[in-house]
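Participant: Here it is, the structure, as C-alpha cells.
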Ligand SMILES: Nc1ncnc2c1ncn2[C@@H]1O[C@H](COP(=O)(O)OP(=O)(O)OP(=O)(O)O)[C@@H](O)[C@H]1O
Ligand SMILES: Nc1ncnc2c1ncn2[C@@H]1O[C@H](COP(=O)(O)OP(=O)(O)OP(=O)(O)O)[C@@H](O)[C@H]1O
Ligand SMILES: [Mg+2]
Ligand SMILES: [Mg+2]
C-alpha cells in the first residue's frame, strides 16, 4: 500500500539532518505508530509522505505510484486519498467550525470561507456526522478561535475524516486532549482502520497508547529508525 | 499569595458559561494542578488570573492587591511577576529562538524583533541558561518556525523562565512533549517551585503527572470546581 524508500531530509537552514535514510513499507489496513523524542523526525516523515515538505532524496510510493515523482497537479489529486491531522491543528481561525470541517472535502486547501455556499447537501450531512463523532456538534457555528485547545484539535480531526481517505497521516492527534477524550478519538480512528480499511500512520508520544492502538511500531531517534516491530516487543 | 473570589466568565459570543462561581486560594510556594476534560475551563481560569481575558464577575487578588481592579498601566507592572506558558506556545514564528526567549524579559509583549540590540549582557546570559535548561541551546539562532512542535513548546517555557516570576501560570506545558522530555521539564518547574519558592498553577491532562508533581489538585467540570484536595485523595 505505502512504501518509503531511502528517505532523507536535510533542512537547508541550519543544515539539520531531520531524516536519515529511512525505509519501510506499510500494508493496507495497518495502524502503524511512530514514536520518538521531541525533534526525532516524526512530523518531518509524515510531511514528506504527502510532500508538504520535499524530501532531499529517496522515494515514496502509494499503491505503486511514485508520489515523489508526481507533478503538482497530479499530486493534488492523489492527496485527496491521504487525510492529514496536523500537529498544530492548522485551522482557519476566523472561519466557523463547520467551514473548517467542510474544507476537508477540498483536500488540504482551507479556503472554506469563499466556498461555503457551494457544498452539496450530503457534504453538510457528512460534516454533521464528523462533528458528532468528535463530540463537537454544538459548536458547529462557532468560530474556530473561540474554542479551547482540545476542541480545536478535534475540529482538525473531523476535517480529515471528511476526506474519507485511504491513508490517514495523524501527527500527535490527541496531544491537546485529556485521557478520556483521547481514547474516544483513537477508538474512532481504530474503527475507521478496522471497519473501513483505512491505513493509519500515527505519531504518538505515549508508549501506552502506541501499544493499545498500534498494529506495528516504528521508533525514530535523530532521524533514523531504531526499532521496528510489534507493540508487544517494545 | 493568590486568592480567586467568585470568578465567573461568560464568553459573549455563543453565551458560553466557561467559569461558574470559582473560588479558591493558593499559598506561596504551592504547586497547584488544574485538571479537567477538554473544554472544562482550565485555560479560561488561567487567563482570567492575569487578565488576558476579562472575567464577567468576581475578583482576583495577588499579595493582597486586587488584580481585577488595576488600570492597564499598573496591570502591566504586576504581570512582570506572573510568568505564563501558553497552551499554543504564542511564539513570534519569524523571530529566532533567542529573540523569543529574550522577550520574556518584557513581560508578555513579544516585540523582541525590534528590541534585540538593547538587551544587557546579563539577559543574554540568562537566555543561554534558560535554553540549556530546556535542552535547546544548539537551536538558539534558529527561527521559531523551523522547530518541531515539542521544541517550540520548550521555547515558550524558556521565555516564561526569563521573567523569574513569583507566580507561574502553566497551561498544559508538556502537551507536545514525549514522556521523558515532559518529566525533565516538570522536574525543573518543581525545582523552581521548591528552591526559588515560585508558586505554580499548572493545567495538566494526566492524573499521573498531577499526582507526581502537584501539592494540591483542583478538578474543573463545565466551569465549576468538582474536586479540591491533595493528590492522594483523587
Ligand atoms: N474566545 C472564546 N469565545 C467563546 N467561547 C470560548 C472561547 N474560548 C473558550 N471558549 C469556550 O469556553 C469553554 C472553556 O474553554 P477553555 O479553553 O477554558 O477549556 P480548557 O479546559 O482549557 O480545554 P482544553 O483541555 O481543550 O484546552 C469551552 O466550551 C470553549 O468552547
Ligand atoms: N522548517 C524547518 N527548518 C529547519 N529545521 C527544522 C524544520 N522543521 C523541523 N526541523 C528540525 O528537524 C528535526 C526534526 O523535527 P520534527 O518536527 O520532524 O520532529 P518531531 O519528531 O515531530 O518532534 P516533536 O515531537 O517535538 O513534534 C528537529 O531537529 C527540528 O529542529
Ligand atoms: Mg512533531
Ligand atoms: Mg486549554
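Chains as they are written, first to last, in the numbering used here: chain A, 3 to 236; chain B, 3 to 236.
Just so it is clear, CB atoms sit at the ideal spot from N, CA and C, and this is done for glycine as well.
Computed from a prediction, not measured in an experiment: that's the story for all the values here.
(1) Leaving out five residues on either side along the sequence, give the residues of the same chain with a beta carbon under 6 Å from the beta carbon of residue 228 of chain B.
(2) Go through the residues and name those whose CB comes closer than 7 Å to any heavy atom of ligand 4, in chain order.
(3) Threshold first: 3 residues or longer. Then list the beta strand (DSSP E) segments lying entirely within the region 38-80 of chain B, N to C.
(4) Anyone know if the C-beta pair for residue 135 of chain B and residue 163 of chain B falls short of 8 Å?
(5) Here's a check: name, in chain order, each residue in its chain whose Cβ is nearer than 7 Å to the Cβ of residue 11 of chain B, leaving out the five neighbours to either side.
(6) Compare the C-beta of residue 226 of chain A against all C-beta atoms of chain B and say whether one is closer than 8 Å.
(7) Identify the continuous beta strand (DSSP E) that holds residue 82 of chain B and give its terminal residues.
(8) By the 7 Å beta-carbon criterion, what residues does the region 12-29 of chain A contribute toward chain B?
(9) Please confirm whether any heavy atom of ligand 1 lies closer than 7 Å to the CB of residue 15 of chain B.
(10) Excluding the 5 residues preceding and the 5 following residue 216 of chain B in the sequence, name in chain order all residues of the same chain whose CB lies nearer than 7 Å to its CB.
(11) Go ahead and label residue 189 of chain B buried or exposed: buried means 16 or more other beta carbons lie within 10 angstroms of its beta carbon, across all protein chains shown.
(12) For residue 174 of chain A, would you say it is in contact with chain B, using Cβ-to-Cβ distances shorter than 8 Å as the test?
(13) Got a sec? Which residues, its chain only, sit under 7 Å from residue 100 of chain B by beta carbon, not counting five neighbours each side?
(14) Does DSSP classify residue 189 of chain A as helix, strand or coil?
(15) What does the alpha-carbon distance come out to for the pair residue 112 of chain B and residue 155 of chain B?
(16) Residue 185 of chain A CB to nearest chain B CB: under 8 Å?
(17) Can you give the Cα-Cα distance for residue 7 of chain B and residue 157 of chain A, rounded to whole angstroms?
(18) Measuring from the CB of residue 22 of chain B, is there a heavy atom of ligand 1 at a distance below 7 Å?
(19) Does residue 90 of chain A have its Cβ less than 8 Å from a Cβ in chain B?
(20) So, is residue 81 of chain A buried or exposed, given that buried needs 16 or more other C-beta atoms within 10 angstroms?
(21) What residue range does the alpha helix (DSSP H) around residue 216 of chain B cover?
(22) Tell me which residues share the same chain as residue 61 of chain A and place their Cβ nearer than 6 Å to its Cβ, disregarding the 5 neighbours each side in the sequence.
(23) Please specify which runs of the alpha helix (DSSP H), each continuous and at least 4 residues long, are wholly inside the region 123-207 of chain B, giving them in chain order.
(24) Take the Cβ of residue 114 of chain B as the centre, count every other Cβ of all protein chains shown within 10 Å, and call the residue buried at 16 or more, exposed below.
(25) Determine whether the beta carbon atoms of residue 28 of chain A and residue 9 of chain A lie at a separation below 8 Å.
(26) Given a threshold of 16 other Cβ atoms within 10 Å of its Cβ, counted over all protein chains shown, does residue 44 of chain B qualify as buried or as exposed?
(27) What are the start and end residues of the beta strand (DSSP E) that includes residue 5 of chain B?
(28) Using the three-state DSSP reduction, which class does residue 34 of chain B fall into: helix, strand or coil?
(29) Could you have a look at residue 226 of chain A and say whether DSSP puts it in helix, strand or coil?
(30) Indicate the three-state DSSP secondary structure (helix, strand or coil) for residue 108 of chain A in the structure shown.
(31) Please confirm if the region 169-176 of chain A is in contact with the region 202-219 of chain A, defined as three or more CB-CB distances below 8 Å between the two stretches.
(32) Give every residue of the same chain whose Cβ lies closer than 6 Å to the Cβ of residue 107 of chain B, excluding the five residues on either side of it in the sequence, and list them in chain order.
(33) With DSSP collapsed to three states, give me the class of residue 93 of chain A.
(34) Please identify, using Cβ separations under 7 Å, the residues of the region 132-144 of chain B that lie next to chain A, in order along the chain.
Facilitator: Checking against the coordinates, here is how it stands:
(1) Working through the second chain from its first residue, we reach residue 228 of chain B at position 226. Result list for residue 228 of chain B: 221, in chain order.
(2) A/150, A/151, A/152, B/44, B/45, B/89, B/173, B/174, B/205
(3) 59-64
(4) By 1-based counting over the second chain, the position of residue 135 of chain B is 133. By 1-based counting over the second chain, the position of residue 163 of chain B is 161. Yes, the Cβ-Cβ distance between residue 135 of chain B and residue 163 of chain B is below 8 Å.
(5) Looking up residue 11 of chain B in the second chain gives position 9. So the list reads 20, 21, 46, 50, 55, 57, 58, once near-sequence residues are dropped.
(6) In the first chain, counting from the first residue as 1, residue 226 of chain A sits at position 224. False, the Cβ-Cβ gap to chain B never drops below 8 Å.
(7) Numbered from its first residue, the second chain carries residue 82 of chain B at position 80. Premise fails: residue 82 of chain B is in no beta strand (DSSP E) and is neither H nor E.
(8) 13, 15, 16
(9) Taking the second chain and counting its residues from 1, the one referred to as residue 15 of chain B is at position 13. Residue 15 of chain B: yes, Cβ under 7 Å from ligand 1.
(10) Against the second chain, residue 216 of chain B aligns to sequence position 214. Correct list, in chain order: 33, 34, 35, 233.
(11) One-based indexing of the second chain puts residue 189 of chain B at position 187. By the neighbour-count rule (16 or more Cβ atoms within 10 Å), residue 189 of chain B is not buried but exposed.
(12) In the first chain, the residue the question calls residue 174 of chain A occupies position 172. Interface criterion met: the Cβ of residue 174 of chain A is under 8 Å from a Cβ in chain B.
(13) By 1-based counting over the second chain, the position of residue 100 of chain B is 98. Within the same chain, residue 100 of chain B has close Cβ partners 129, 142, 143.
(14) Walking along the first chain from the start, residue 189 of chain A turns up at place 187. Looking at residue 189 of chain A - three-state DSSP - the assignment turns out to be helix.
(15) Residue 112 of chain B sits at position 110 when you count from the first residue of the second chain. Residue 155 of chain B sits at position 153 when you count from the first residue of the second chain. Because the pLDDT of residue 112 of chain B is 49, which lies under 50, any placement of that residue in the model is unreliable, and the number read from its coordinates should be weighed accordingly. Distance between the alpha carbons of residue 112 of chain B and residue 155 of chain B is about 15 Å.
(16) By one-based count along the first chain, residue 185 of chain A stands at place 183. No - not a single Cβ of chain B is within 8 Å of the one on residue 185 of chain A.
(17) As a position in the second chain, residue 7 of chain B is number 5, starting the count at 1. As a position in the first chain, residue 157 of chain A is number 155, starting the count at 1. Here the alpha carbon of residue 7 of chain B sits roughly 34 Å from the alpha carbon of residue 157 of chain A.
(18) Translated into positions along the second chain, residue 22 of chain B becomes position 20. Result no, Cβ not under 7 Å from ligand 1.
(19) Translated into positions along the first chain, residue 90 of chain A becomes position 88. So, interface residue.
(20) Looking up residue 81 of chain A in the first chain gives position 79. Counting Cβ neighbours within 10 Å, residue 81 of chain A comes out buried, since at least 16 surround it.
(21) The residue given as residue 216 of chain B occupies position 214 in the second chain. Element bounds for residue 216 of chain B: n/a, residue is neither H nor E.
(22) Sequence index remark: in the first chain, residue 61 of chain A carries index 59 (1-based). These residues qualify, in order along the chain: 7, 68, 70.
(23) 123-135, 151-164, 181-197
(24) As a position in the second chain, residue 114 of chain B is number 112, starting the count at 1. Low confidence applies here, because residue 114 of chain B scores a pLDDT of 49, under 50, leaving its location unreliable and the question unanswered by this model.
(25) As a working note, residue 28 of chain A is residue 26 in the first chain. As a working note, residue 9 of chain A is residue 7 in the first chain. Going by C-beta atoms, residue 28 of chain A is not nearer than 8 Å to residue 9 of chain A.
(26) Against the second chain, residue 44 of chain B aligns to sequence position 42. Flag for residue 44 of chain B reads buried.
(27) For the purposes of this step, residue 5 of chain B is identified with residue 3 of the second chain, where counting begins at 1. Residue 5 of chain B -> beta strand (DSSP E) spans 4-13.
(28) The residue given as residue 34 of chain B occupies position 32 in the second chain. Strand, per DSSP.
(29) For the purposes of this step, residue 226 of chain A is identified with residue 224 of the first chain, where counting begins at 1. Strand, per DSSP.
(30) Working through the first chain from its first residue, we reach residue 108 of chain A at position 106. Of the three classes helix, strand and coil, the one that applies to residue 108 of chain A here is helix, per DSSP.
(31) yes
(32) Taking the first residue of the second chain as position 1, residue 107 of chain B is located at position 105. For residue 107 of chain B, where only same-chain residues beyond five positions count, the Cβ hits under 6 Å are 125, 164.
(33) Numbered from its first residue, the first chain carries residue 93 of chain A at position 91. Coil, per DSSP.
(34) 144
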